[in-house]
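Read through the structure below, which is laid out as structure tokens, and then see the notes.
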Amino acid sequence: MARKFFKSKNGNIPVPLFFPDATRGVIKSLDTSDLEKTQTLGILVNTFHLWQELGGDVLDKFEGIGNFMDFKGGTISDSGGFQVMSVIKSGNVKGKVTDEGVIFHPTKKSKKILTPEKSIAFQIKLGTDMVVVLDDFTDPKSSYEEAKDSVMRTISWAKRSKAEFEKICKSKKLNDTERPYILGVVQGGKYQDLREYCTKELVKIGFDGLGYGGWPIDENGDFDFESAKTIAEGAPEDYFLYGLGVGKPEEIVALSKMGFNIFDCVLPTRDARHGRLYVYDAISIEEIDVYKLNFYSFYTPDKEKYFKDDSSVSTACDCVLCKRYSKAYLAHLFRIGDFTAGRLATIHNLRFYSLLMEKLQKSI
RNA sequence: GCUGAGGUGGCGGAGCGGUCAAACGCACGAGACUGUAAAUCUCGCGUCCGAAAGGGCUACUCAGGUUCGAAUCCUGACCUCAGCA
């Protein structure tokens with residue numbers, strides 16, 4: 009039977025759910041009380057960043073990232089698999105991927121190695137409600153052979169991750185209702201037989217859910233729904249299906265129809281800081297219809313034409329920006345470059361996404 | 001009134017004889033952003049024609065002048081700022 013809830017330390021969260029990215033233990037520009045006001049039910053934090061920048065001792069002291077942030081919602085930790093691509097494969101930080109793990113050099117002299125085991129162990133320290141296995145990202149430009157290589161490594165790492173996870177759970181005496189969820193990640197790029205194979209092998213290892221890994225957008229900007237479908241069809245009914253890094257509102261709507269029920273993405277928060285707000289094509293919250301075409305549009309706040317506009321950004325929103333401030337005031341804040349502009353825009357966009365999920369939850 | 005400095009695009013500010021429709025910054029406009037080294041990046045920004053390549057026109061306060069050629073040199077006018085009366 010399909011999952012109806014995501015179990016967190018702080019209570020059950022209805023699915024489908026969207027957790028914005030608090031990569032380094034903070035939603036950029038927001039504190040936890042701001043975040044709560046957006047009615048965001050959970051967040052995603054990142055192993056790769058927090059492992060280097062925060063460390064396990066602080067997490068031990070505070071008993072996890074949730075307590076550290078004083079956040080009472082759900083938490084998921086990403087493994088660092090995506091950072092292998094975005095940081096190392098892009099050449100920004102020297103490093104390489106081996107069968108053992110990811111070796112990288114944050115500075116010229118230092119050397120660190122992130123293994124599947126270390127990733128899981130650190131995520132347990134993070135104390136998140138779901139941990140994600142370290143995966144080897146399939147570069148979208150990969151040949152079939154390269155993609156296959158990343159799939160084989162991903163499967164091998166998934167086995168090691170699962171073994172480490174069971175070992176830690178046993179030593180901590182965590183039973184099945186106390187332990188966090190563990191998610192496998194499907195790689196394989198655009199090659200459907202690889203996606204299918206990876207899905208099958210991960211299911212054999214046994215997880216609570218599967219993530220749609222890799223980069224789901226092609227050169228033309230089109231979303232790869234086919235791979236999502238392959239994963240959804242290959243996964244047991246009670247598995248969570250997680251669209252890692254997905255996505256645009258319409259992509260979340262489409263994937264949720266296919267059975268995907270967990271999402272995270274930087275878009276609402278990054279777009280907010282970059283001056284792009286999401287606005288429903290509706291007069292009121294009740295009238296929002298996320299299944300109609302063009303159910304939302306972008307609002308760019310810092311335009312001359314809004315300098316004297318005393319209306320609110322959206323009447324189909326109950327965030328502090330829309331309830332309290334005018335377009336003119338927001339435009340002013342963006343124009344002078346005050347941090348408050350990014351903060352209010354982030355609050356608004358996160359409320360847009362939490363409303364989106366509320367609408368999707370009601371319709372299933 | 002005298003002495004000195006100066007007047008460049010929406011603004012600030014380079015340029016000081018040709019490679020100038022004029023650096024750079026701001027402002028303005030358009031676009032990008034998908035498991036965050038992005039509160040960032042890209043493009044446009046006199047005007048007209050062109051999809052583009054490119055071409056035409058008008059421009060560096062105004063009026064004359066020197067020169068093959070002037071935002072750049074000379075003369076005058078007007079205006080601004082600083083110091084002195």
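Under the working numbering, the first sequence is numbered contiguously, ending at residue 372.
C-beta atoms are modelled at their ideal positions from N, C-alpha and C, and glycine is treated no differently.
Can you say whether residue i is buried or exposed, counting buried as having 16 or more other CB atoms within 10 angstroms of its CB?
{"i": "A30", "result": "buried"}
{"i": "H282", "result": "exposed"}
{"i": "K214", "result": "The sequence given here places Gly at residue 214; Lys does not occur at that position. Exposed."}
{"i": "F360", "result": "buried"}
{"i": "L301", "result": "exposed"}
{"i": "S94", "result": "exposed"}
{"i": "D143", "result": "buried"}
{"i": "P244", "result": "exposed"}
{"i": "F56", "result": "buried"}
{"i": "A240", "result": "buried"}
{"i": "M9", "result": "exposed"}
{"i": "Y314", "result": "buried"}
{"i": "V298", "result": "buried"}
My understanding is that residue i touches residue j, with C-beta atoms under 8 angstroms, so please give their C-beta distance in whole angstroms.
{"i": "F303", "j": "E259", "result": "Not quite, the Cβ-Cβ distance comes to about 13 angstroms (not below 8 angstroms), so this is no contact."}
{"i": "S158", "j": "Q200", "result": "S158 to Q200, Cβ: 15 angstroms. No contact."}
In angstroms, rounded to a whole number, what distance separates the CA positions of residue i and residue j?
{"i": "F233", "j": "I293", "result": "29 angstroms"}
{"i": "S180", "j": "R168", "result": "A quick correction: the sequence has Lys, not Ser, at residue 180. Using only the alpha carbons, I get a separation of about 18 angstroms."}
{"i": "G19", "j": "R187", "result": "14 angstroms"}
{"i": "F112", "j": "D147", "result": "18 angstroms"}
{"i": "K331", "j": "G229", "result": "35 angstroms"}
{"i": "F248", "j": "F76", "result": "27 angstroms"}
{"i": "G74", "j": "T123", "result": "24 angstroms"}
{"i": "V211", "j": "L191", "result": "10 angstroms"}
{"i": "S264", "j": "P24", "result": "7 angstroms"}
{"i": "S320", "j": "R278", "result": "21 angstroms"}
{"i": "E125", "j": "W165", "result": "8 angstroms"}
{"i": "T40", "j": "V274", "result": "17 angstroms"}
Between which two residues does the beta strand (DSSP E) holding residue i run?
{"i": "N75", "result": "Careful: N75 lies outside any beta strand (DSSP E), inside the alpha helix (DSSP H) at I73 to M77."}
{"i": "N20", "result": "G19 to P22"}
{"i": "D272", "result": "I270 to C273"}
{"i": "V92", "result": "Taken as a continuous stretch (DSSP letters only), V92 belongs to no beta strand (DSSP E), as it is neither H nor E."}
{"i": "T83", "result": "G82 to D86"}
{"i": "Y288", "result": "L285 to Y288"}
Between residue i and residue j, is the Cβ-Cβ spacing less than 7 angstroms?
{"i": "A290", "j": "T354", "result": "no"}
{"i": "I51", "j": "F13", "result": "no"}
{"i": "V261", "j": "G219", "result": "no"}
{"i": "K316", "j": "A339", "result": "no"}
{"i": "S85", "j": "T136", "result": "yes"}
{"i": "F268", "j": "G255", "result": "no"}
Let's see if you can read the secondary structure: which residues bound the alpha helix (DSSP H) around residue i?
{"i": "I260", "result": "P257 to K265"}
{"i": "F13", "result": "Run containing F13: none in the alpha helix (DSSP H); it sits in the beta strand (DSSP E), F13 to S16."}
{"i": "N357", "result": "F347 to S371"}
{"i": "L38", "result": "Looking at the DSSP string, L38 is not in any alpha helix (DSSP H), and its letter there is neither H nor E."}
{"i": "F4", "result": "Past the edges of the chain, shown from 9 to 372, lies residue 4, and the structure says nothing about it."}
{"i": "P124", "result": "P124 to L134"}
{"i": "V373", "result": "Given that the chain is displayed from residue 9 to residue 372, the structure contains no residue 373 and the question cannot be resolved."}
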